[in-house]
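Residue numbers (the numbering used here): 8 to 191.
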């Protein structure tokens, strides 16, 4: 069965959305000294690096960026596989008393972010954690809400949002995908 695929953000629109998110983050941050941008592996990590680069260019100073792997913190990892693929967490130093901007590509139920919060706390005690997502697709199951959102959608559960990024070998795009109905 083929997938129905609808592009909702093209490559230029993804870039403009990241520019807007950059401006929003900068408007709420007077000082960048304590800012650490941490992306959730995989898509969030690439977006975190892009945001850090954009913020660094606008502020004319480097911004620390890291990658967080949440594989063992997920509440469904035993359903996915008996041997989860665990990636590496790479933080640019201590996150104690730092302002962490957690970045992910798609916000859905809140379970990924809950797992990321658990993982972050194992690495230190940040002063504050804010959340930036490229897409909030609706479907929240936890009382967690992004602080910075690129695109808000309200989709029925069977539809998926996929973020395609050049770092993963694709042209940048955000697509809504659903199983095409079978034809008799």
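Built from N, CA and C at the ideal position, the CB exists for glycine as well.
(request) Taking 8 Å as the cut-off, decide whether the C-beta atoms of residue 115 and residue 153 are in contact. (result) no
(message) Using a 10 Å radius around the Cβ and a threshold of 16 neighbouring Cβ atoms, would you call residue 27 buried or exposed?
(response) exposed
(message) So, with DSSP's three-state summary, where would you put residue 182?
(response) strand
(request) Give me the Cα-Cα distance between residue 126 and residue 80, rounded to the nearest whole angstrom. (result) 7 Å
(message) I'd like to know whether the C-beta atoms of residue 142 and residue 47 end up nearer to each other than 8 Å.
(response) no
(request) Mind checking which residues open and close the beta strand (DSSP E) that includes residue 12? (result) 10-16
(message) Pop quiz: residue 96 and residue 124 are said to be a contact at Cβ under 8 Å. What is the actual Cβ separation, rounded to whole angstroms?
(response) Their Cβ separation, rounded to whole angstroms, is 14 Å, which puts residue 96 and residue 124 out of contact at 8 Å.
(message) Is the beta carbon of residue 183 closer than 8 Å to that of residue 162?
(response) yes
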